[in-house]
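J.: Residue numbers (numbering that gives the first Met the number 0): 0 to 252.
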Amino acid sequence: MFAPEEIDKRTFTEILFEGRNKKYGAYLLRKQYYRHVFTGLALSVSVVVLGLIIPYIYGWLKPDPTYTEQENLVEVNVLPPPPEVLTLEYAQASAPKPDEEIVPEITKDSVIVKKTVKPKPKPIEQTASADTSQNNGAGSPNGSGAGSGDDVFVEVDEVPVPPGGSLSAYLSKHLHYPEREKTLNIQGKVYISCIVNRDGTLQDVKVVQGVSDELNAEALRVVKAMPAWQPAKRKGLPVRMITKFAINFTLKR
Numbered sequence: 000m001f002a003p004e005e006i007d008k009r010t011f012t013e014i015l016f017e018g019r020n021k022k023y024g025a026y027l028l029r030k031q032y033y034r035h036v037f038t039g040l041a042l043s044v045s046v047v048v049l050g051l052i053i054p055y056i057y058g059w060l061k062p063d064p065t066y067t068e069q070e071n072l073v074e075v076n077v078l079p080p081p082p083e084v085l086t087l088e089y090a091q092a093s094a095p096k097p098d099e100e101i102v103p104e105i106t107k108d109s110v111i112v113k114k115t116v117k118p119k120p121k122p123i124e125q126t127a128s129a130d131t132s133q134n135n136g137a138g139s140p141n142g143s144g145a146g147s148g149d150d151v152f153v154e155v156d157e158v159p160v161p162p163g164g165s166l167s168a169y170l171s172k173h174l175h176y177p178e179r180e181k182t183l184n185i186q187g188k189v190y191i192s193c194i195v196n197r198d199g200t201l202q203d204v205k206v207v208q209g210v211s212d213e214l215n216a217e218a219l220r221v222v223k224a225m226p227a228w229q230p231a232k233r234k235g236l237p238v239r240m241i242t243k244f245a246i247n248f249t250l251k252r
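Right, dumping it as structure tokens:
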């Protein structure tokens, strides 16, 4: 048996292979066992650590790729809204001047009375036409007839109707905002006055109050090119009538 102090000085492998062939491979394997275990463990830990830190090192050494942001530019042509058309306004009858002579209207009863005085009275239609013309062609507000084709009335039973029934819809479709006015941001109302004839055509189209030459010209161009209206009617017959309306040119930014 070995003494305890002798065992401490000698390794277990030395004791196990005492008196045996130490050149045999088993002795060397046992002799180098712990060194092999430590080496393998160190290599394993090193591989794991390198596997964890290599991506960070690679990302730190490699520069970040440069991304170029592309902008998709879409050109949008903003068209101005169609001009707003205000409500139609019809000319009102003006009061007669103090020095004007008001000619009373001849009725059928008065004509019958004249028949007893004159053997050949003039026809009723001609007499009414002559009296009306003395009222400066403005028509009689309380007359009983429709007047001649040249009379311009201010009071009618049915007002004239624009083509299609809507003046706003027609003008909004055909009006074009002048480029110069859009650039200079010129806006405003163009007031138009015209006479609707018995056949619906427009006459004496003019600007009563305008904004600029271009806007005034555009308003006149479209109004003069309008198709025939439905004429005003008085006692069921078409008559001429003065019509006024305004076109509002506006730009919305």
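All C-beta atoms, glycine included, are put in the ideal place defined by N, C-alpha and C.
If you're wondering where the values come from, they're calculated on a predicted model, not measured in any experiment.
Using only alpha-carbon positions, find the residue among R197, S211 and Q208 that is nearest to W228.
T.: Measuring from the Cα of W228, the nearest candidate turns out to be R197.
J.: Based on DSSP bridge pairs, tell me the residues matched to A41.
T.: In DSSP, A41 forms no bridge with anything.
J.: With DSSP as the reference, label E217 as helix, strand or coil.
T.: If DSSP states are grouped into helix, strand and coil, E217 belongs with the helices.
J.: With respect to the beta strand (DSSP E) encompassing R179, which residues constitute its N-terminal and C-terminal limits?
T.: Looking at the DSSP string, R179 is not in any beta strand (DSSP E); the run it does join, the alpha helix (DSSP H), is E178 to L183.
J.: Using only the heavy atoms of the ligand SAH, determine whether one of them is closer than 7 Å to the beta carbon of V151.
T.: With respect to the ligand SAH, the structure shown offers nothing to examine, as it has no ligands at all.
J.: Kindly give me the distance between the Cβ atoms of V158 and A245, rounded to whole angstroms, as I take these residues to be in contact under 8 Å.
T.: That belief does not hold up - the Cβ atoms of V158 and A245 are roughly 16 Å apart, past 8 Å.
J.: How about K232 and V155: are their beta carbons less than 8 Å apart?
T.: Yes, the pair counts as a contact, with Cβ atoms nearer than the cut-off.
J.: In the structure shown, what three-state DSSP assignment does K188 receive?
T.: Here K188 sits in strand by DSSP.
J.: Take P237 and list the residues in its own chain whose beta-carbon comes closer than 6 Å to its own, dropping the five residues that flank it on each side.
T.: The residues are R197 and P230.
J.: Grab the span of the alpha helix (DSSP H) containing K172 for me, first residue to last.
T.: Counting along the chain, the alpha helix (DSSP H) containing K172 begins and ends at L166 to H173.
J.: Have a look at the DSSP bridge pairing and note the partners of V237.
T.: Residue identity differs from the one stated: residue 237 is Pro in this sequence, not Val. BP columns for P237 point to K232.
J.: L174 to G235, Cα distance in whole Å?
T.: The alpha-carbon atoms of L174 and G235 are separated by roughly 34 Å.
J.: Would you decide whether Y176 is buried or exposed? Buried here means 16 or more other CB atoms lie within 10 Å of its CB.
T.: The residue is buried, with at least 16 neighbouring Cβ atoms inside 10 Å.
J.: Should V222 and V195 be called a contact, given that it needs their Cβ atoms to be closer than 8 Å?
T.: No, the Cβ-Cβ distance between V222 and V195 is not below 8 Å.
J.: According to DSSP, simplified to helix, strand and coil, what is K223?
T.: Looking at K223 - three-state DSSP - the assignment turns out to be helix.
J.: In or out: V207 buried (at least 16 other Cβ within 10 Å) or exposed?
T.: It is exposed - the Cβ of V207 has fewer than 16 other Cβ atoms within 10 Å.
J.: Is it true that the CB of L166 sits closer than 8 Å to the CB of G187?
T.: No, the pair does not count as a contact, with Cβ atoms beyond the cut-off.
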